[in-house]
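Under the numbering used here, the first residue of the sequence shown is numbered 39, with each subsequent residue one higher. Glycine included, C-beta positions come from ideal geometry on N, C-alpha and C.
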Amino acid sequence: MGKIIATLLGLMTLLLGSGLWIGLGLIGTGVGLLEFFRPNMPSLKLIAQQTWNTVVSPELLALPLFILMAEILFRTRISEALFTGLSPWLRRVPGRLSHLTVMGCTLFASVCGSSAATTVTVGRITAKELIGRGYNRDLVTGSLAGAGTLGFLIPPSTIMIIYGVMAEESILRLFIAGIVPGVLLAASYMGYLGIRAWLNPSLVGEPPDPTTLWEKLVALKDLGPLILLILGVMGSMYGGIASPTEAAAVGVAASMAIGFAQRTLDLKGVMIAARQAAESCAMIGLIMIGAMFLSTVIGYLGVPRFIATGIQSWGMPPLMLVVVLLVFYVLLGMVMEGLGIIVMTLPITLPLALSAGYDKIWFGIFIVIVVEMAQITPPVGFNLTVIQRLTGDSMGRITRATMPFFFIMAAFVFIMALFPGIIGFLPQTVRGQ
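What follows is the structure in structure tokens.
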């Protein structure tokens with residue numbers, strides 16, 4: 039077994055390190071393992087079978103639709119509406135408008151399953167406005183990096199769809215499980231911002247002019263299209279009216295209606311959005327095919343069972359296993375992007391979590407949060423790159439500004455481990471779906 043594991047790691051390092059696409063690298067690793075250790079097994083037939091099983095999965099139908107919805111919304115004035123609709127309500131709370139990034143990302147994440155899209159859409163308005171109003175630059179960029187990752191945790195989430203397919207778990211239950219952790223994590227960010235502003239008021243600039251209740255209520259009209267979109271997409275799923283795929287189709291139609299109504303979208307824009315979504319789906323599909331193929335190969339060779347049995351023999355308590363997995367995923371996040379981390383490691387780490395007493399729903403939320411941490415972990419952290427393009431700051435400065443939010447996420451993981459009911463109680467309401 040030692041030779042198999044060494045070959046697995048060697049091939050993966052060689053192929054992925056050469057710059058080969060992740061999906062092709064995973065397929066190449068699987069083929070190499072079969073050629074070395076099971077030469078009589080028809081690798082081409084197995085690749086064809088896994089490709090078919092992956093692309094015809096009905097649960098995956100929601101993925102391209104949610105990606106298309108995010109691409110369309112990116113071309114609307116949703117980001118401006120978030121700023122004008124929320125700012126009158128935040129001018130007198132501790133931290134004032136610094137909460138705009140967190141609340142804006144939380145709301146936008148409710149209709150967008152992408153961390154990068156959430157960060158770009160909210161950040162392209164809030165970062166410039168807040169820094170221009172005298173808010174501390176590091177506080178703005180750090181909060182945007184941390185809150186932007188909520189695009190993966192707050193449903194709908196593309197990562198949750200992929201995890202649900204690979205782990206054979208209900209996507210709707212995963213979506214529902216992400217609500218409470220997402221809201222609590224956003225509240226933790228806002229609490230941190232409020233405390234920082236209370237300790238050092240100069241971080242949030244000069245107090246803005248007060249607004250009347252009428253002005254606050256009038257500002258809410260700017261949030262109307264987004265609120266209706268959230269109710270249409272998420273409400274239809276949680277109300278049992280529509281499946282995730284049907285809700286995603288509703289979201290695409292509604293986002294197009296918003297874009298046409300705002301006159302920021304035309305048929306050419308729809309075609310560009312569709313092409314971008316198709317490219318993203320093709321990339322994700324290739325990665326999933328490679329991951330499913332490699333998962334089948336290493337399962338046939340007995341690698342996951344060998345590793346799981348070895349770790350179980352250590353007698354490691356569940357909380358210690360969480361620490362080990364957290365460190366493991368953070369280290370991977372330094373050199374890989376989130377989707378690749380999930381598809382490569384899930385066949386090994388999921389059985390470990392199940393053997394420690396955690397269920398698939400809990401581990402799904404855990405792995406989403408650690409992937410969020412990978413999004414703000416240098417040097418590959420994608421959210422850091424997005425913010426660098428928005429602000430022009432150095433990667434080192436952005437990383438330092440992001441660290442408090444990284445540690446908030448790490449602390450939240452341990453809270454989840456100590457109180458797993460935070461995640462489990464809502465999905466129980468849809469058991470069996």
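Relative to the C-alpha of residue i, which candidate in the options has its C-alpha closest?
| i | options | result |
| --- | --- | --- |
| I414 | P132, R113, G186 and V93 | G186 |
| P458 | I446, T440 and F404 | F404 |
| L168 | T429, F463, M433 and F74 | T429 |
| P356 | V341, T387 and M382 | T387 |
| T250 | N78, S125 and G278 | S125 |
| L47 | L58, G70 and L62 | G70 |
| L261 | M354, A86 and W127 | W127 |
| M309 | M204, N174, I110 and S95 | I110 |
| W90 | R301, S281, P282 and L324 | L324 |
By the 10 Å Cβ neighbour count, where 16 or more other Cβ atoms means buried, how is residue i classified, buried or exposed?
| i | result |
| --- | --- |
| A299 | exposed |
| S293 | buried |
| Q88 | buried |
| S153 | buried |
| V271 | buried |
| P417 | exposed |
| R76 | exposed |
| L264 | buried |
| E410 | buried |
| S432 | exposed |
| G376 | buried |
| P80 | exposed |
| I407 | buried |
| T347 | exposed |
| F17 | Shown here, the chain extends from 39 to 471; a query on residue 17 therefore has no answer. |
| I209 | buried |
| R427 | exposed |
| I279 | exposed |
| E244 | exposed |
| L82 | exposed |
| R234 | buried |
| S351 | exposed |
| L441 | Per the sequence shown, residue 441 should be read as Met rather than Leu. With fewer than 16 other Cβ atoms within 10 Å, it is exposed. |
| G297 | buried |
To the nearest angstrom, how far is it from the Cα of residue i to the Cα of residue j?
| i | j | result |
| --- | --- | --- |
| V218 | L384 | 24 Å |
| G328 | G462 | 31 Å |
| T67 | S56 | 13 Å |
| V149 | I192 | 9 Å |
| G172 | H137 | 14 Å |
| I399 | L267 | 26 Å |
| P246 | L456 | 41 Å |
| L303 | F112 | 10 Å |
| L369 | L339 | 26 Å |
| M228 | T139 | 9 Å |
| G337 | K306 | 46 Å |
| M39 | M372 | 28 Å |
| T423 | N78 | 45 Å |
| S318 | W236 | 42 Å |
| R313 | T114 | 17 Å |
| M454 | L188 | 16 Å |
| E284 | V242 | 43 Å |
| L52 | L363 | 24 Å |
| Q471 | R438 | With a pLDDT of only 48 at Q471, under the threshold of 50, the placement of this residue in the model should not be trusted; the figure read from the coordinates follows. Q471 and R438: Cα-Cα distance of roughly 43 Å. |
| R134 | A44 | 54 Å |
| L99 | M374 | 26 Å |
| P96 | S181 | 36 Å |
| T196 | A448 | 22 Å |
| N421 | W252 | 37 Å |
| A155 | S117 | 11 Å |
| S226 | F74 | 50 Å |
With distances taken between CB atoms, is the gap from residue i to residue j smaller than 8 Å?
| i | j | result |
| --- | --- | --- |
| V290 | L145 | no |
| L120 | V160 | yes |
| A295 | P194 | no |
| M326 | T92 | yes |
| R130 | P239 | no |
| G220 | L212 | no |
| L84 | F331 | yes |
| G273 | P132 | no |
| I446 | Y276 | no |
| G402 | I60 | no |
| I199 | L101 | yes |
| G142 | T164 | yes |
| P342 | P389 | yes |
| G151 | A108 | yes |
| A224 | I425 | no |
| L359 | A412 | no |
| V477 | M204 | Only positions 39 to 471 of the chain appear in the structure, and residue 477 is not among them; the question remains open. |
Considering only residues of the segment 379–443, which uninterrupted beta strand (DSSP E) runs meet the minimum length of 3 residues and lie entirely inside it, listed in chain order? none
Length at least 4, wholly inside the segment 210–279: the alpha helix (DSSP H) runs in chain order: 217–237, 251–257 and 262–268
Which runs of the alpha helix (DSSP H) fall wholly inside the segment 339–383 and span at least 4 residues, in chain order? 341–350 and 356–371
Completely contained alpha helix (DSSP H) runs for the segment 41–122, where each covers 4 or more residues: Correct list: 60–75, 81–93 and 100–112.
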